[in-house]
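Okay, structure first, notes after.
Chains as they are written, first to last, in the working numbering: chain S, 182 to 241; chain E, 275 to 667.
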């Protein structure tokens, strides 16, 4: 295991906090504008990538 | 919310609801502060790189020392410290300046912790009455000082007045009061718990000797957190360092500040304040827009027949006291859920934070809501009114 798995764990947590902020900004209707949609796509993609790295690093 | 931390419910009301709670609005964390909470939650996390002279505000990594300098500049004072809530700021100043039997001038809308701080040292609070607009002015303060002087033969030792009060969210004339304080040569503490961190505040321009702010009320920070700032003139007194020497060990702890109890706000709370600081510096520039939003909301709220606003108008602050005795309370009189019908209706529309069951006089705060959310909120109140046959103009 390298530091990378830990780094990616924080990267994923931070990305999910950015998602949490989008919930806060758009509640209670959650009607997203284009920029928010783009941001959510980016967040989910980055979290998936982080999870892939964590899995690869920890489960050989 | 199904998610639990053991038997502790996950708090997701900020993600799921519009929260109009009067004192929670401006303490909501920024994403940066939330991230800081995750990484610095461990107990003595800020102490990893604590080196001589071993005091919190001197730590360079993370840059806590720099934050203190920047914070002082931000509030227009010479020195600043972080404290565990505004109340600890009052306590530090009162404990340094006031002795048993001394009088301290406070507002008739003073926060209770100002009373406690004075009581703690055996002082006596003397309240300045409100004028007809529920505001404390310099004139009333001067009259109260004269009254204290006449009654006790001595001037008060300190004046503590809230910039915006917790009851109405009214603005009090801290500039005029500072001027009066100077004329009588009495130190003045401006309690900016509801203003520092949401609007531009400059202690030097106000003419205050001490500024106190609240992290969890107005600085997008966790509780407890707060700010105490002062001038060079008073720093040596309020931030005095210990001179105590152990009689057996001869130990002394010279750098530690007595009123701060050494290190003050350690760990995640401080780092979260620091993390929110850039966003706070930016958001104070947009206070005008927050004021526009509350005034828009109030205009719509007052279209509901019977609704009244008890705070000063037009609104200068987002914290506002309203009266719905002649509207929603009339419905509550005959509703099987009594006043809780109102909370039920709000919750159905994903709105929380009102005082549950209250349908007469209650408070709300729109700080930090987007324009869309503000409009949604206004429409929700009107929708409830129409549902129960209350006229909406």
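By construction, the Cβ of each residue, glycine as well, lies at the ideal position given by its N, Cα and C atoms. What you are looking at is a predicted structure, and each value in this text was computed from that prediction instead of being measured.
query: Contact check, residue 448 (chain E) vs residue 503 (chain E), beta carbons under 8 angstroms; result: no
query: Residue 627 (chain E) vs residue 293 (chain E) beta-carbon contact at 8 angstroms; result: yes
query: Neighbouring residues, chain S, relative to residue 592 (chain E) (Cβ below 7 angstroms); result: Within chain S, no residue comes near residue 592 (chain E); the closest Cβ sits about 17 angstroms away, beyond 7 angstroms.
query: Assumed close pair residue 652 (chain E), residue 620 (chain E) - CB separation to whole angstroms, cut-off 8 angstroms; result: That belief does not hold up - the Cβ atoms of residue 652 (chain E) and residue 620 (chain E) are roughly 13 angstroms apart, past 8 angstroms.
query: Boundaries of the beta strand (DSSP E) in which residue 492 (chain E) is found, first to last residue; result: Where residue 492 (chain E) is concerned, there is no enclosing beta strand (DSSP E), although the alpha helix (DSSP H) it sits in stretches over 489–492.
query: Close beta carbons around residue 672 (chain E), own chain, < 6 angstroms, minus the five adjacent residues each side; result: Since the first and last residues shown for chain E are 275 and 667, residue 672 (chain E) lies out of range.
query: Counted within 10 angstroms of its Cβ, other Cβ atoms place residue 278 (chain E) as buried (16 or more) or exposed; result: exposed
query: Selected residue, minimal CA-CA separation from residue 604 (chain E), among E:374, E:624, E:632; result: E:632
query: Coarse secondary structure for residue 543 (chain E), derived from DSSP in three states; result: helix
query: Proximity below 8 angstroms, CB of residue 579 (chain E) to CB of residue 665 (chain E); result: yes
query: Neighbour flag for residue 208 (chain S) against chain E, beta carbons, 8 angstroms; result: yes
query: Below-8 angstroms beta-carbon distance, residue 278 (chain E) vs any chain S residue; result: no
query: Cα-Cα separation between residue 542 (chain E) and residue 497 (chain E), rounded to whole angstroms; result: 10 angstroms
query: At least 3 beta-carbon pairs within less than 8 angstroms: the segment 194–202 of chain S vs the segment 298–315 of chain E; result: yes
query: Whole-number beta carbon distance between residue 460 (chain E) and residue 430 (chain E), since they are thought to touch under 8 angstroms; result: 6 angstroms
query: Buried or exposed by the 16-neighbour rule on C-beta atoms within 10 Å, applied to residue 333 (chain E); result: buried
query: Reduced DSSP secondary structure (H/G/I, E/B, other) of residue 322 (chain E); result: coil
query: Cα-Cα separation between residue 533 (chain E) and residue 513 (chain E), rounded to whole angstroms; result: 7 angstroms
query: C-beta atoms of residue 377 (chain E) and residue 398 (chain E) nearer than 8 angstroms; result: yes
query: Residues in the segment 631–654 of chain E having any Cβ partner in chain S nearer than 8 angstroms; result: 644, 646, 647, 650
query: Terminal residues of the beta strand (DSSP E) in which residue 503 (chain E) lies; result: 500–504
query: Under 9 angstroms (Cβ pairs) to chain E, residues found in the segment 190–201 of chain S; result: 191, 194, 195, 198, 199, 201
query: Proximity test, Cβ basis, 8 angstroms: residue 320 (chain E) and chain S; result: no
query: Residue 365 (chain E) burial status per 10 Å Cβ neighbour count (16 or more: buried); result: buried
query: Closer than 7 angstroms at the beta carbon, the chain E residues around residue 219 (chain S); result: Those within 7 angstroms of residue 219 (chain S) in chain E number zero; the least Cβ separation is about 17 angstroms.
query: Classification of residue 358 (chain E) by the beta-carbon crowding that lies within 10 angstroms, buried from 16 upward; result: buried
query: Those residues which DSSP pairs with residue 278 (chain E) across a bridge; result: E:283
query: Check: residue 285 (chain E) C-beta below 7 angstroms from any heavy atom of the ligand FAD; result: Looking at this structure, you won't find the ligand FAD or any other ligand, since it has none at all.
query: Distance between residue 352 (chain E) and residue 530 (chain E) (C-alpha atoms, nearest Å); result: 19 angstroms
query: Short CB-CB distance (under 8 angstroms) between residue 288 (chain E) and chain S; result: yes
query: Euclidean distance between Cα positions of residue 443 (chain E) and residue 590 (chain E); result: 8 angstroms
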